[in-house]
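There are 2 protein chains.
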Amino acid sequence: NYVRYTQKIWAHVREIATLALVAIVLGLVAGTLQIGTETLVNWKSGHCARNWFLNRSFCCAAVKDDTKGRLVVRDELECVEQGIWVAWQNPFGAFLLFMTLSLVFGLLSAILVRYVAPMAGGSGISEIKVWVSGFKYKDEFLGLKTLIIKSIALPLAISSGLSVGKEGPSVHYATCIGFVVTNLLSSRSMHFSEQTEYLIAASAGGVSVAFGSPIGGVLFALEEMCTNRAFNLSIMWKSYFIALAAVTTLQYMDPFRNGKIVLFEVTYDNQWLFSEIPVFVLLGVFGGLYGHFISNWNIHFVSFRRKYLSNSKIREVLILIIMTALVSYFNEFLKLDMTESMGVLFHECSVNGGESAWSHEICQLDADTHVAVFLKIFLSLCAATIIRSILIVFSYGACVPAGIFVPSMAVGATFGRAVSLFVERFITGANVITPGTYAFLGAAATLSGITNLTLTVVVIMVELTGAFSYVIPLMIVAAVTTVILSSLGSKAGIADKMILFNGFPLLEKPKHDMTWLREYTAADVMTTSVVTMNEIISTSALKALLETYPNFSGFPVVADGTRQKLRGYASRSRLMITLITNENDGPSVDILRDTKTLGTQDDESRLTEFRKTVNELPLTVKPATPFSQLFRVFEKLGSNVVLVEEEGSFLGLISTKDLMKFQRLKEREMNGQLFNFNEERDEKLWSFIRLIF
Amino acid sequence: NYVRYTQKIWAHVREIATLALVAIVLGLVAGTLQIGTETLVNWKSGHCARNWFLNRSFCCAAVKDDTKGRLVVRDELECVEQGIWVAWQNPFGAFLLFMTLSLVFGLLSAILVRYVAPMAGGSGISEIKVWVSGFKYKDEFLGLKTLIIKSIALPLAISSGLSVGKEGPSVHYATCIGFVVTNLLSSRSMHFSEQTEYLIAASAGGVSVAFGSPIGGVLFALEEMCTNRAFNLSIMWKSYFIALAAVTTLQYMDPFRNGKIVLFEVTYDNQWLFSEIPVFVLLGVFGGLYGHFISNWNIHFVSFRRKYLSNSKIREVLILIIMTALVSYFNEFLKLDMTESMGVLFHECSVNGGESAWSHEICQLDADTHVAVFLKIFLSLCAATIIRSILIVFSYGACVPAGIFVPSMAVGATFGRAVSLFVERFITGANVITPGTYAFLGAAATLSGITNLTLTVVVIMVELTGAFSYVIPLMIVAAVTTVILSSLGSKAGIADKMILFNGFPLLEKPKHDMTWLREYTAADVMTTSVVTMNEIISTSALKALLETYPNFSGFPVVADGTRQKLRGYASRSRLMITLITNENDGPSVDILRDTKTLGTQDDESRLTEFRKTVNELPLTVKPATPFSQLFRVFEKLGSNVVLVEEEGSFLGLISTKDLMKFQRLKEREMNGQLFNFNEERDEKLWSFIRLIF
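Note that the protein sequences, when read in sequence, are chains A and B. With this note's numbering, letter number 363 in the first sequence gets 363, and the count goes up by one each step, no holes. With this note's numbering, letter number 518 in the second sequence gets 518, and the count goes up by one each step, no holes.
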């Protein structure tokens, strides 16, 4: 009893230590990346007079003599006025520097990804989701090299001005940290399925540090990562712990030097009105349409890129950067860093507000403003919405680390702010609505649209801004977006669509009711050409078997060499381990035979060991089991292989991949191809694009 | 295809309509209850000069000429000063009225529960949890009568001054509304398991309206209601929808007349400090200890009540009210309504704050305050903590609707505020910490301790107060509480403990690892004395079979009358339905025989119908299946019955109840009784208590 107790305590301590290490490393990496990104971005617009290497926050924070050392917006403005932070003055020189630095950063990022760690490109959420649902991807995908390259290439990619966000990649490097740390601390004792719990928790930490949103991170783990597997309280607890500790570490590092983890704090003084609900619905509809079309177009472009651009990845990135920089430099909402731009758009514009230093033009529009000024701002918001959307379609999936969350939010914010200008001028008049809230809700709508998440988006948006009193409008917007998406037949977020498009193995819930699969049974799905293994087999024969069929992950064990008597299932990996540890022991013996026939005690113990490798009670179903029930067995019990058996005799084997293939085949027969790409149009696009290349 | 599409749309519309109706009714009931409770509570301290029937909020709100009509604290103070709301002046008369009204309200509540709807007593969360986990309780428990009585008795119970909260009962009446509405709108087409999704969603709505916390409600559904069943995105979506619509309805009703749904809004200007973390840990430890001991003591007292007080339920309530009123009247933190009291304790006490009308004595303590004044407040906080804890032990479970959430929070708030006074005077000095935050975090700790919820508590506390910047401290407190609870071996909240204590059927996750159950297999658990049904059986024999064994919920179907060939499983309910619809049709025929031997076409169609009642592919396991695997089958596949079969022959049957009984038996053998009550001590307590009775 004492031993059991000590073991229990020890297991607890190890768990907590593992989680804490993951979280602290994650917090440190996230903080460093944050500071690095800001430094690179700031270099494009100015420099610190005291020390060229500091970014603006650090430059301004260090000279403040306030003991708490916390920056507020006013301080930063003062800092610029006093010449501590020097913005570039010469307009032509500034433009040139802007372009040069964007290109250099982007080029570095693309080279790192292309030649050092190809796995570090893109977002990574889809692959992680597949992994934690039970299909291990390549080890390299979560390895140390990917972690390091992604952490370096991400700030470079963002500061190159491309329309890419850091959230997807944050999830990826967080999961890498989880993988590396768990392998380091407890490689021997941890099963694959146990490790996935840590990976999910790490992914929650990734969202938490990216958005400064610990609860949002936990919900992300639930709503995005666990849709294809069982969610349990142990995962929740691990996610909670990592999210908490990582965000606390980040807060301790204080990367923004303002003592806050929320990106853009706002304080909306006015309550929302019930008469605003139609506007919320409009924003929700926009979010749904945005999510549906942008993700489809992006997938089209990804397919196009594979076909035509796979050999010129770096050139593609460079062209994208040039186009982005050229278009963005002349639109004030596109030129700003996306988070900065959202800060401007979300702002409450209150006249009596405490921060009187705030005086952006967009807040000084009222009924008396000249129509030309109004139009200028209104149209530049609309232009920003459209251009950013187009840029996202082309940028997401390029050969740099790239997330789609923040760019999507930026699109929603400009759209929402445009709506607010319209409403304020033509419907309500001044000082009735809080225009910033529309930008904020618009951002929630597009984020919800592209990810197809509801609760997570609501919580992230609240945590991101502290705009607590707008929970109900947020929920309305996210609900409308979900309804729109679902009525467009687009029930999956972009991560799931990418999984489908790439043909990653993942059990999807059938989109339509499974009625059309009702007629099929396990007998239709099973593979009958299976290599079985005799119950009595010598070590050498076993070795030969394993060598002859290197792709088989296991073998059904039968008696008497016939399929009449199923004895169990032996998985390749366990057979291998046992073989290796027994390799040098004496001559070949029949290893799975009854104990009686064996001579020495040594043989007997070896037999026991081999016995253990055989699962004598594998999951079995009858051949007549209907498809829906079979599906439930795979889905709920999380098994990879099911044997088909009737009255003791072995008939066939069904792996998750068999099931999936069958399902996709039938679904395609029923509904046609998942993605129809117009070859002709692609050709035309290519003939146009090759002019630039 | 068109028909399928219409059906799909129609199903969608019906789902949305059902959810909306549940939510709107729930919002209206909650709003009415809120206003009613406030009215009753206010009557105890004063009356409205204009209209005796109005409560203070409505009395004061109606005379405000501000177009928005929203009350702030200052308005209410003005309202009292202007004599619109008249507080009782005569101290003796006030005391007498306070006692009389408390007794009358409590008596009414107890009589309603005792004689009209006994199911309306207590909290109800445990029973609902068991229900949604697959074990239907009595229909009456969620019926219209229970709904009505609980809605009337709840305001009465709260205004009687007892230490009971409205949150548990809110969940209960919300679930009643869900049950009544779903039965009304779609009685025929809804399966039990589908209805439970609506019930869970309704329970989420109950928490949402009780705390004004829509997201907290959804998380409650996940973290409390779904621990023993699979949680899926469909449940989340339903919960989200009901929570949103119910809270919006509530907000529209505006029961507090201040335009807010949060109960006690606070704005903590100062950030928390890293050096405060030890205090957060202390508060978390208190929460854990509180949760562990109070729930155990309460269960002891419930057992005591069953034994000695079951015949004097109403007298018990009256004595409780008198004792509560007598003790509370002279402690300012106990005398106030619990929510009002927490409002005082949570308050930020900021000197520069906007609401200068705030001037409670507790906010004017500083280093210069005379030690006597300090001690008076400090000790009255400590006394309130202890007395309230004791009152909770005796009150929760009495014969009135009673929740334990808010009383627990009140205990934590007084404790936390006492800690803040201590810290401010002896450690930090004035103006370093924000004292109100300790009360707020203390409330979170006790709430988390009594419910054993983490994420839900964090979200509810944030939504309840809007104290968004304290998410990290909140998460730390809740995490510490969970760790303390788990290291005390108390892994369940009070709802789960009540389920165990009452012996309700619910598959608990084994508390300790299942290693000690490793040696048991399906053969140990199964019942072999099962009545089987022959494949060939006449209608009359079938009828006889059903009548002879009225308690059997189904029969394994075998061939040839022996157990050699298992054919399937026929559930009682489906057999009954088929029998009834076929009763008057011709003579008895062999109903499950092969089609060939039957004469008429009519017989044939009848045969097909009976065939359908037999599940030819019931869930089966082998006798050697280990316990842990068996457990997983029940847990994950949510099945009620599993057949034990070896090579086609039937060996025995395992129902969920068999599994549960076996598990509890073995657990008791291993760890002793779950609850050990000291008979002797109970006797002594009784001999003391009977003096009062």
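A virtual CB, placed ideally from N, CA and C, is assigned to each residue, including glycine.
Asked: Contact with chain B by T67/A, beta-carbon distance below 8 Å; Found: With a pLDDT of only 45 at T67/A, under 50, the local geometry of the prediction cannot be trusted, and no value is derived from it.
Asked: Residue range of the unbroken beta strand (DSSP E) whose run includes I322/A; Found: Looking at the DSSP string, I322/A is not in any beta strand (DSSP E); the run it does join, the alpha helix (DSSP H), is K313 to Y329.
Asked: Rounded separation between I465/A and A443/A - CA only; Found: What sits at residue 465/A in the sequence shown is Thr, not Ile. About 12 Å.
Asked: Simplified DSSP assignment, three categories, for C176/B; Found: helix
Asked: Straight-line Cα distance separating L199/B from W686/B; Found: 40 Å
Asked: Cα-Cα separation between G288/B and R50/B, rounded to whole angstroms; Found: 48 Å
Asked: Beta-carbon gap between E644/A and L619/A smaller than 8 Å; Found: Note that residue 644/A corresponds to Val in the displayed sequence, not to Glu. No. Outside cutoff.
Asked: Under 8 Å from the C-beta of L647/A: neighbouring residues of chain B; Found: Per the sequence presented here, residue 647/A reads as Glu, with Leu not at that position. Going along chain B in sequence order, the residues near E647/A (Cβ under 8 Å) are E647 and G648.
Asked: Interface positions of the stretch 612-625 of chain B facing chain A (Cβ-Cβ less than 8 Å), listed along the chain; Found: E616, L617, K622, A624 and T625
Asked: Residues sharing a beta bridge with M342/B, DSSP; Found: M342/B pairs with nothing; no bridge assigned.
Asked: Where H370/A falls, given that 16 or more other Cβ within 10 Å makes a residue buried; Found: exposed
Asked: Where P118/A meets chain B, residues with beta-carbon distance less than 9 Å; Found: The premise fails here: P118/A is roughly 33 Å from chain B at the closest Cβ pair, so nothing lies under 9 Å.
Asked: Proximity to A398/B [Cα-Cα], best of F378/B, I654/B and I319/B; Found: I319/B
Asked: 8 Å CB neighbourhood of E646/A in its chain, flanking five on each side removed; Found: K622 and P623
Asked: Cβ neighbour criterion (16 or more within 10 Å) applied to E680/B; Found: exposed
Asked: Under 7 Å by beta carbon: chain A residues contacting T21/B; Found: The residue asked about is misnamed: residue 21/B is Leu in this sequence, not Thr. Going along chain A, no residue has its Cβ under 7 Å from L21/B, so there is no contact; the nearest lies around 17 Å.
Asked: Contacts around E265/B, its chain only, beta-carbon distance under 6 Å, and the 5 residues preceding and following it disregarded; Found: G466
Asked: Chain B residues whose Cβ lies nearer than 9 Å to that of M236/A; Found: L222, E223, T454 and L455
Asked: N- and C-terminal bounds of the beta strand (DSSP E) containing I433/B; Found: Note, I433/B: premise wrong, no beta strand (DSSP E); not H, not E.
Asked: Min CB distance Y240/B to chain A below 8 Å; Found: yes
Asked: Residue environment, Y549/B, which counts as buried when at least 16 other CB atoms sit within 10 Å; Found: exposed
Asked: Same chain, Cβ closer than 8 Å to T37/A, neighbours up to 5 away in sequence not counted; Found: L154, P155, I158, S159 and K166
Asked: Local conformation of C48/A per DSSP, three classes; Found: strand
Asked: Within chain B, the residues that T227/A reaches when beta carbons sit closer than 7 Å; Found: L233
Asked: Secondary structure of M533/B, DSSP reduced to three states; Found: strand
Asked: Nearest to F346/B (by Cα), restricted to the options F220/B, L326/B and Y268/B; Found: Y268/B
Asked: G724/A in three-state terms, based on DSSP; Found: This structure does not reach residue 724/A, given that chain A is present from 1 up to 693, and the question cannot be answered.
Asked: C-alpha gap between D594/A and F555/A, whole angstroms; Found: Low per-residue confidence applies at D594/A: pLDDT is 49, beneath 50, and the placement is therefore not dependable, though the value from the model is reported in the following sentence. Rounded to the nearest angstrom, the two C-alpha atoms are 19 Å apart.
Asked: Contacting residues, own chain, Cβ-Cβ under 6 Å from S328/B (five flanking each side not counted); Found: L334 and K335
Asked: Test: T248/A CB closer than 8 Å to a CB of chain B; Found: yes
Asked: Where K698/B falls, given that 16 or more other Cβ within 10 Å makes a residue buried; Found: Lying before the first or after the last residue shown, residue 698/B is absent from chain B, which here runs from 1 to 693.
Asked: Strand pairing of Y569/A, partner residues [DSSP]; Found: P556/A and N615/A
Asked: Sufficient close CB pairs (3 or more, under 8 Å) joining the stretch 451-461 of chain B to the stretch 493-502 of chain B; Found: yes
Asked: Beta-carbon spacing of G143/A, A402/A below 8 Å; Found: no
Asked: Pick from A11/B, Y308/B and F141/B that is closest to V113/B, judged by C-alpha positions; Found: F141/B
Asked: Selection from R229/A, A245/A, E223/A and L233/A that minimises the alpha carbon distance to M236/B; Found: E223/A
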